[in-house]
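Engineer: Keeping their order, the protein sequence lines are chains A and B.
At position 282 of the first sequence (counting the first as 1) the number is 282 in the working numbering, and the numbers step up by one without a gap.
Start counting at 1 in the second sequence, then tack on 555, and there's your number in the working numbering.
Have a look at this one before I ask anything.
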Amino acid sequence: MGWNSWNAFGSGNTEELTKEMVRRITELGLYKYGYQYVVLDDGCYRPERVNDRLQSDPVKFPSGFKAMADFVHDAGLKFGMYNDIGTRLCSGAEVGIYKHEKTDCEDYIGWDIDFIKVDNCYYMWDNATFAAPENAVYSYAPNIRSVKIAGKTYSAVKDAFITGSRAAVNDDYVTFIGTFDGTAPDHSPVGLRSSELVFEVEVADAGVYDLVVTYATGKEEGTGAWLQVAADDDIVFDEMLPATDSPESFAESSPVNISLHAGINRIRLMNHRRQENTLYSYTEIRKELERFGKGRDIVFSICEWGKTQPQNWGHLVGDSWRILNDITFQVGSDGNPGTAAWESDYTTSITSQYNKAVIMDRFAGLDKGWNDPDMLVIGMDGITETMCVSHMAMWCMMNSPLMLGMDLRRVSKGDPVFNIITNEDLIALDQDPLGIQARRIFTTYPCDDPSLEYIRDNNRVDILAKPLANGDIALGFFNLSENDHTDNITVSVDRIINAIDSIICTADKDRFLNAGAYRIKDLISKEYSEVQGSSISVDMLFGCGCRVFRITTLT
Amino acid sequence: MQSVQDHDINMTREMFIESLLKTFGVESWNALAYGMEHGWLEYEDELCKNDPVTRKHIARILHMFLLKEKGICDLPDIGGAGVLRDLYDCHVCANHVAQIYLRGIMDAKDLASDGGFLWFDLDGEDSQENIHEYIRRTVETVNNEGKVATL
């Protein structure tokens, strides 16, 4: 929890503005609620290195980063910074951490950072040219028509099978061998997202065989040039293939030596480089921070926008991982609060982020890390107070990082924004020691499994539930639609317990099922009520509104 | 949109900024210092003043010029710029590009032969003729929207 400069000031953040935010955190007492990290985002560096080292922008941060860190620490807060795994920052400044991991991490430790957010701009193995199709060279395998081994030719279309949901057959070859780009909101994060082409090859004798692949390379979404080949789990080839004239102009590869055992072998043709390269780059930074930090506790915020399905690997190196591109691109500046949205076709809205994060609970937890649906946009233009309440409640139910993104000079004690961001009951859900992200247990949108189905139609009401450390259960009703929902919605305790059966301890489960009476605290109105029976209901949900309850069993 | 011609490349950031100010009749011995003082230029512009000005830099400078120098507020909804395939690639530039694109000051090129792949070309460079046209359209925007703001 903390404050990050990006949504408030974009590239226009300065030393004076940051100091003012630190003062406001103190004056408003926000640290008492848990907001303790003050993070400088993009726009704070001198745009070029000096003697190969990072420096602060001499106009915006004339006193340097160490002085800034000291100021933050003197206020009893923690200090965070920003960089990119690529060669440049998103702002274009030529100070990306790539190939400078050692010196940069040494500097970060010297500046006493407690937090680092590492972005994904200008990353040469995936998006060096942004969304230009040629990035596919590294992140997709070539199109595959056939393989030849042990004197026999196997057709990719007739004799192999495709795993995952990305690859497809096109005429007599298989294409899109690789994975989805998860930056945009088009694809579900759940399920096997990447594809391999698998041949089952039977040989009579164990030995080393020559494998020849008939392939065609490209530089377009779905067709690349980097191929990985494995016999079962043994990777025997992991390189770029020579380019062919076009994605439909096939050539034979040089023979690849591959060890097979007698019987049926699974020969896998694939490209997992999109994840592997990114993981490697984040790991290098982590290693150097640990080496220089010597046990210093540094929160590592992975910000690769969900591009490479970080929910599958983020926990190996980081504390949290962004799940999509930014929640807003209309960030503020000094005097302008910026603009956010409740709904959008892209990632740029509260519901775009929520719709993806809400089915990602299985990827998060105390022993893993946290899905990050981006910083809070509370306090920006374009969203109502009701939307802000729901936004806060959603993020808290989903155990999301709570990074304020507003100009804190626009907040006063007791005003609506202050009351939303300091709702201790909601924050307690977010920070609950059990660390279990809420699961969607019901939605009015027709679907088979509300906990797993990716739903982007916001004309619906969701119900989320999460077990809490003291044995209570939090239950949230969210109306995603901008229209009021006037029908009663009732959910039985049985249904709640069944839906969270795998994440609630047996004792709590039994207690809830046998209670028959419950005390309910409305975490927004702060009202208490008691329910006799075995169901919980709400009569009315305003458009974009929510009700969030903390339920305690009564004996 | 015209492509960059060999004889017509490398308008630097400084040249662009000077041209912008000159067109708007601002007298300043140092255009870069003037822009920084008025909050619509970055230190990076000073540091890279001799580099060719790229399209994303043109968009940022024109947008910030409208906002800070001319007091013209942002368009609240930039959803219409979502047609640009590379809009959201550059987190820092997205709003600048969207504001300038939606106001018709800078346009995009269509990479697909059958249409439908609009590309802003963030790191591309423009001919001087094109850049002067962007400045002319900025003047038009100020004349139109500035009047509305005054009314």
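Quick reminder that beta carbons are idealized off the backbone N, C-alpha and C, glycines included.
Cys90 (chain A) touches chain B at which residues, Cβ-Cβ below 7 Å?
Structural biologist: Cys645, His646 and Val647
Engineer: Just to confirm, are Tyr82 (chain A) and Asp119 (chain A) a CB contact at a threshold of 8 Å?
Structural biologist: Contact: yes.
Engineer: Tell me the start and end of each unbroken beta strand (DSSP E) in the region 86 to 169 of chain A that is at least 3 residues and wholly inside, in chain order.
Structural biologist: 115 to 119, 143 to 149, 152 to 155 and 160 to 162
Engineer: Taking only the alpha-carbon atoms, compute the straight-line gap between Asp662 (chain B) and Arg691 (chain B) and give it to the nearest angstrom.
Structural biologist: 14 Å
Engineer: Flag Ala340 (chain A) as yes if its beta-carbon sits less than 8 Å from any beta-carbon of chain B, otherwise no.
Structural biologist: no
Engineer: Mind checking which residues open and close the beta strand (DSSP E) that includes Lys78 (chain A)?
Structural biologist: Lys78 to Asp84
Engineer: Starting from Gln654 (chain B), follow the alpha helix (DSSP H) in both directions and report where the run begins and ends.
Structural biologist: Its alpha helix (DSSP H) spans residues Ala649 to Leu657.
Engineer: Run down chain A in chain order and give the residues with a C-beta less than 9 Å from the C-beta of Glu597 (chain B).
Structural biologist: Ser11, Gly12, Gly43, Pro47, Asp57, Val59, Lys60 and Ser91
Engineer: For Lys66 (chain A) versus Phe115 (chain A), is the C-beta distance shorter than 8 Å?
Structural biologist: Result no, Cβ atoms of Lys66 (chain A) and Phe115 (chain A) do not sit closer than 8 Å.
Engineer: Using a Cβ-Cβ cut-off of less than 8 Å, list which residues of the region 320 to 331 of chain A approach chain B; keep chain order.
Structural biologist: Asn325, Asp326, Phe329, Gln330 and Val331
Engineer: Does DSSP put Tyr35 (chain A) in a helix, in a strand, or in coil?
Structural biologist: In the three-state DSSP reduction, Tyr35 (chain A) falls in the coil class, being neither helix nor strand.
Engineer: By DSSP, does Arg519 (chain A) sit in helix, in strand, or in coil?
Structural biologist: strand
Engineer: Give, in chain order, every residue of the region 376 to 393 of chain A whose Cβ lies closer than 8 Å to some Cβ of chain B.
Structural biologist: Against chain B - using a Cβ distance shorter than 8 Å - the residues of the region 376 to 393 of chain A are Asp381 and Gly382.
Engineer: Which stretch, first to last residue, makes up the alpha helix (DSSP H) that contains Thr553 (chain A)?
Structural biologist: Looking at the DSSP string, Thr553 (chain A) is not in any alpha helix (DSSP H); the run it does join, the beta strand (DSSP E), is Cys546 to Thr553.
Engineer: Out of curiosity, what's the CA-to-CA distance linking Val137 (chain A) and Leu269 (chain A)?
Structural biologist: 15 Å
Engineer: If we define contact as Cβ-Cβ less than 8 Å, is Asp681 (chain B) a contact residue for chain A?
Structural biologist: no
Engineer: Strictly under 8 Å for the Cβ-Cβ distance: is Gly637 (chain B) near chain A by that measure?
Structural biologist: For Gly637 (chain B), the nearest beta carbon of chain A is closer than 8 Å to its own beta carbon.
Engineer: Would you mind telling me which residues of chain A sit closer than 7 Å to Asp665 (chain B), beta carbon to beta carbon, in chain order?
Structural biologist: Going along chain A, no residue has its Cβ under 7 Å from Asp665 (chain B), so there is no contact; the nearest lies around 14 Å.
Engineer: Of the residues that make up the region 362 to 376 of chain A, which ones have a beta carbon closer than 8 Å to any beta carbon in chain B?
Structural biologist: Taking 8 Å as the Cβ-Cβ cut-off against chain B, none of the residues of the region 362 to 376 of chain A qualify.
Engineer: Just how far apart, CA to CA, sit Met403 (chain A) and Gly314 (chain A)?
Structural biologist: Approximately 19 Å, taken between the alpha carbons.
Engineer: Quick check on Ser66 (chain A): does DSSP put it in helix, strand or coil?
Structural biologist: The sequence given here has Lys at residue 66 (chain A), not Ser. DSSP, read as helix, strand or coil, puts Lys66 (chain A) in helix.
Engineer: Give a yes or no on whether the C-beta atoms belonging to Ala150 (chain A) and Val203 (chain A) are separated by under 8 Å.
Structural biologist: yes
Engineer: Please list the terminal residues of the continuous beta strand (DSSP E) segment that includes Lys356 (chain A).
Structural biologist: From DSSP, Lys356 (chain A) is part of no beta strand (DSSP E) but of the alpha helix (DSSP H) over Ile350 to Ala357.
Engineer: Examine chain A for any beta-carbon lying closer than 8 Å to the beta-carbon of Asp629 (chain B), and answer yes or no.
Structural biologist: Taking Cβ atoms only, chain A reaches closer than 8 Å to Asp629 (chain B), which makes this a yes.
Engineer: Could you tell me whether the Cβ of Val346 (chain A) comes closer than 8 Å to any Cβ of chain B?
Structural biologist: It is Tyr, not Val, that sits at residue 346 (chain A) in the sequence shown. Judged by the 8 Å Cβ criterion, Tyr346 (chain A) is in contact with chain B.
Engineer: For Gly10 (chain A), tell me which candidate among B:Thr578, B:Arg568, B:Glu597 and B:Met566 has the shortest Cα-Cα distance.
Structural biologist: B:Glu597
Engineer: I need the boundaries of the alpha helix (DSSP H) containing Ala393 (chain A), first residue and last residue.
Structural biologist: Glu385 to Met397
Engineer: Do you know offhand how far Leu468 (chain A)'s Cα is from Pro433 (chain A)'s?
Structural biologist: 8 Å
Engineer: Determine whether the Cβ of Asn585 (chain B) lies closer than 8 Å to any Cβ atom of chain A.
Structural biologist: By this cut-off, Asn585 (chain B) is not an interface position.
Engineer: For a minimum of 4 consecutive residues, which ranges assigned as the alpha helix (DSSP H) are wholly contained in the region 566 to 630 of chain B?
Structural biologist: 568 to 578, 586 to 592, 598 to 602 and 610 to 619
Engineer: Name, please, each residue of chain A whose Cβ falls closer than 9 Å to the Cβ of Gly634 (chain B).
Structural biologist: Ala341, Ser344, Asp345, Tyr346 and Thr348
Engineer: Excluding sequence positions up to five away, which residues of its chain have a Cβ less than 6 Å from the Cβ of Leu289 (chain A)?
Structural biologist: Cys105 and Ile298
Engineer: What are the complete beta strand (DSSP E) segments, minimum 3 residues, inside the region 236 to 286 of chain A?
Structural biologist: 256 to 260 and 263 to 270
Engineer: To the nearest angstrom, report how far apart Lys219 (chain A) and Ala225 (chain A) are at their CA atoms.
Structural biologist: CA-to-CA, the gap between Lys219 (chain A) and Ala225 (chain A) works out to about 8 Å.
Engineer: Below 8 Å, can you find three or more Cβ-Cβ pairs linking the region 413 to 429 of chain A to the region 481 to 499 of chain A?
Structural biologist: Taking a cut-off of 8 Å on C-beta distances, the region 413 to 429 of chain A does not touch the region 481 to 499 of chain A, as fewer than three cross pairs fall below it.
Engineer: Alpha carbons only, please: which of A:Gly29, A:Ala8, A:Glu16 and A:Asn7 is nearest the one belonging to Gly414 (chain A)?
Structural biologist: A:Gly29
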